[in-house]
Amino acid sequence: MKFTFCLVVVLLAVPALGVVTVSPIGDSLTSGVGSSEMGGYREHVKDVFGDRIDFLGRRADGAFDDNQDEGWGGFTINTIRTNTITTIPKHSGFGQVVLLTAGTNEFAWVTDVANDNFQLRANQALADMESLLNETFNIAGDVTVLVSNIPAIRDWYHPTGYLFPGVDIYNAGLPDVIARVAAHNHDVRFVDTASGLNLQTDFWDGIHPNDSGYAKIGAAWSNALNSVVPEPTSAIALAPLLLLARRRR
Numbered sequence: 002m003k004f005t006f007c008l009v010v011v012l013l014a015v016p017a018l019g020v021v022t023v024s025p026i027g028d029s030l031t032s033g034v035g036s037s038e039m040g041g042y043r044e045h046v047k048d049v050f051g052d053r054i055d056f057l058g059r060r061a062d063g064a065f066d067d068n069q070d071e072g073w074g075g076f077t078i079n080t081i082r083t084n085t086i087t088t089i090p091k092h093s094g095f096g097q098v099v100l101l102t103a104g105t106n107e108f109a110w111v112t113d114v115a116n117d118n119f120q121l122r123a124n125q126a127l128a129d130m131e132s133l134l135n136e137t138f139n140i141a142g143d144v145t146v147l148v149s150n151i152p153a154i155r156d157w158y159h160p161t162g163y164l165f166p167g168v169d170i171y172n173a174g175l176p177d178v179i180a181r182v183a184a185h186n187h188d189v190r191f192v193d194t195a196s197g198l199n200l201q202t203d204f205w206d207g208i209h210p211n212d213s214g215y216a217k218i219g220a221a222w223s224n225a226l227n228s229v230v231p232e233p234t235s236a237i238a239l240a241p242l243l244l245l246a247r248r249r250r
């Protein structure tokens, strides 16, 4: 009498471990001013990634779980550097990924747009952004920083809706700034969150997006985060091996 032994392996799906910590940093476009529940783009990003990410920050804005952020209204690029970046706890406070939006307040409060030196203003904003990024990496170390452009600004002081030209210059120069910082072996990437916004339908005022605008911004951030946040794949686990014996005649 002979026996044939069959090895049966049972594969079980086990959720992959690890949550990516994300720090949204910026001004009122980060806190979500203009959205109906102050969640801004962050709520849309959270809807996409769920428990795969954990937002960090000393503020709590928005009517959703995990609503922490570092979005401080009225802050310029330099103010974000001196009052936010340098005061976040080193390393752990930045998490693994930074979502950075800055520059709007360099332009938003110019009342005499027609006579402003917008080229000089944009150049200074780009220099300040480079300093901010260098300071971030000096403090945070090994972190991924995603940097967005800023939405166009309608001159809300005039009903004609004049577009501030300095914003276009600033946005056009951001990729070069990011490339210079990245050349120092830093993981910093440009994200276009602004070009898809409609000035007539996606804004709450001349500066801040509304719900539809933030939904578009959130989609752009989510697309960028797809390369950073692991897919919710399943690991393969081996169940206890089961040996079955079948008698052969």
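Add 1 to the 1-based position in the sequence shown for this note's numbering, that's all there is to it. Ideal placement from N, C-alpha and C gives every residue a C-beta, glycine not left out.
For residue i, collect the residues of the same chain with a Cβ closer than 7 angstroms to its Cβ; drop the 5 residues on either side in sequence, then sort them by chain order.
i    : result
V21  : R53, I54, Q97, V98, V229, V230
D203 : P210, N211, S213, G214, K217
D251 : It is not possible to answer for residue 251, since the shown part of the chain is limited to 2 through 250.
F65  : G40, E44, K47
E38  : G63, A64
W205 : G35, N211
Are residue i and residue j close, meaning C-beta to C-beta below 8 angstroms?
i    : j    : result
S46  : L134 : Inspection of the sequence shows that residue 46 is occupied by Val rather than by Ser. It is not a contact, given that the beta carbons lie outside the stated cut-off.
L57  : L101 : no
G27  : G72  : yes
V34  : G74  : yes
L175 : F165 : no
I86  : E136 : yes
N118 : F76  : no
F108 : G167 : yes
F95  : S24  : yes
I154 : G207 : yes
Following the continuous beta strand (DSSP E) through residue i, name the residue where it begins and the one where it ends.
i    : result
I140 : Note, I140: premise wrong, no beta strand (DSSP E); alpha helix (DSSP H) at 119-141.
S36  : Taken as a continuous stretch (DSSP letters only), S36 belongs to no beta strand (DSSP E), as it is neither H nor E.
L100 : 98-102
F56  : 54-56
In the DSSP output, which residue or residues are listed as bridge partners for residue i?
i    : result
T69  : Sequence inspection shows Gln at residue 69; the Thr mentioned does not correspond to that position. Answer is A61.
L164 : R155
V189 : V146
P25  : L100
F95  : Partner(s): none; F95 has no beta bridge.
F204 : P210
Have a look at residue i and residue j and give me their C-alpha separation to the nearest angstrom.
i    : j    : result
G104 : L127 : 9 angstroms
D67  : V49  : 13 angstroms
G40  : A183 : 30 angstroms
Q120 : V178 : 16 angstroms
L239 : E232 : Low confidence applies here, because L239 scores a pLDDT of 36, under 50, leaving its location unreliable; read the following figure in that light. C-alpha separation (whole angstroms): 21 angstroms.
R82  : N139 : 12 angstroms
N199 : L30  : 16 angstroms
A14  : N224 : Because the pLDDT of A14 is 33, which lies under 50, any placement of that residue in the model is unreliable, and the number read from its coordinates should be weighed accordingly. Near 26 angstroms, if we compare the C-alpha coordinates of N224 and A14.
Y171 : N79  : 15 angstroms
R122 : R181 : 20 angstroms
T88  : D113 : 34 angstroms
D70  : G63  : 10 angstroms
N280 : A115 : What the structure shows of the chain is the stretch from 2 to 250, and residue 280 is not part of that stretch, so it cannot be assessed.
I152 : P90  : The sequence shown places Pro at residue 152, rather than the Ile named in the question. Answer to the nearest angstrom: the Cα atoms are 29 angstroms apart.
R60  : Q125 : 28 angstroms
T145 : H187 : 8 angstroms
D169 : A195 : 11 angstroms
Y42  : A173 : 22 angstroms
N227 : G51  : 13 angstroms
Sorted by chain position, which residues of the same chain lie with C-beta nearer than 6 angstroms to residue i's C-beta, five sequence neighbours on each side aside?
i    : result
S36  : D212, Y215
D129 : I78, N79
Q201 : none
Output the boundary residues of the alpha helix (DSSP H) element that contains residue i.
i    : result
F108 : 105-108
I218 : 212-226
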